[in-house]
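Peer 1: Pasting a structure below so you can have a look.
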Amino acid sequence: MLLQNKNAVIYGVGGAIGGAVARAFAREGAKLFLTGRRRAPVEAVAKDIVSAGGSAEAAEVDALDEQVVDKHLQSLIDKAGRVDISFNAVGIPGTKILGVPLVELDIVEGIALS
Ligand SMILES: NC(=O)c1ccc[n+]([C@@H]2O[C@H](COP(=O)([O-])OP(=O)(O)OC[C@H]3O[C@@H](n4cnc5c(N)ncnc54)[C@H](OP(=O)(O)O)[C@@H]3O)[C@@H](O)[C@H]2O)c1
2 MLLQNKNAVI YGVGGAIGGA VARAFAREGA KLFLTGRRRA PVEAVAKDIV
52 SAGGSAEAAE VDALDEQVVD KHLQSLIDKA GRVDISFNAV GIPGTKILGV
102 PLVELDIVEG IALS
């Protein structure tokens, strides 16, 4: 398995891509820290993964709130030692991101993309 002993945090797990990526990472053995703006859909994905024998925990994290993201990451590092993978699957409607070079994005848009 490609991701055994890797700690992965995923943002936007309640969405189509976030949920699919979480399940794929779980199949590869990652220990998952799943987040989304609303807890219920994230918990549903975590429950599926744990039922299938994987490792996943859910948290409510607004990926565009820098302080909330930092606090959540610090709690992961305190608990798990390190974060190996960060995957952002957050959907941002009406965004200015398309066509804008990464270095020209402001901090909030940059966080959303990273
Ligand atoms: N699906 C595709 O084929 C495709 C292809 C290329 C690119 N993309 C891009 O990939 C991203 C995800 O696509 P998707 O199809 O998975 O979208 P989606 O099904 O609409 O899911 C987006 C998820 O992001 C969550 N979200 C939005 N703002 C958030 C925030 N501030 N903090 C945390 N979570 C937040 C949403 O939560 P709520 O439910 O609370 O709104 C939702 O669960 C989008 O930016 C999309 O443009 C998608």
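To get the numbering used here, take the position in the sequence shown, counting from 1, and add 1.
Beta carbons are placed, not taken as given, at the ideal position from N, Cα and C, and that holds for glycine.
1) May I ask you to check if the CB of PRO102 is nearer than 7 Å to at least one heavy atom of ligand 1?
2) Looking at chain B, is there any beta carbon in it that lies within less than 8 Å of the beta carbon of ILE78?
3) Mind checking ARG38: buried by the 16 CB within 10 Å criterion, or exposed?
4) By DSSP, does LYS7 sit in helix, in strand, or in coil?
5) What whole-angstrom Cβ distance do HIS73 and VAL62 have, given they're in contact under 8 Å?
6) Return the first residue and the last residue of the beta strand (DSSP E) that ALA57 is part of.
7) What I want to know is whether the C-beta of ALA64 ends up closer than 7 Å to one or more non-hydrogen atoms of ligand 1.
8) Could you tell me which of ALA41, GLN68, ASP107 and LEU4 sits nearest to GLY20, measuring between CA atoms?
9) Unbroken alpha helix (DSSP H) runs of length 4 or more, entirely within the segment 62-107: which are they?
10) Mind checking which residues open and close the alpha helix (DSSP H) that includes GLY19?
11) Decide if GLU29 is buried, meaning its Cβ has at least 16 other Cβ atoms within 10 Å, or exposed.
Peer 2: Let me spell this out:
1) For ligand 1, not one heavy atom lies less than 7 Å from the Cβ of PRO102.
2) In the displayed structure, chain B is absent; only one protein chain is listed.
3) Answer is buried; the Cβ neighbour count reaches 16.
4) coil
5) 5 Å
6) 56-61
7) yes
8) ALA41
9) 67-81
10) 17-28
11) exposed
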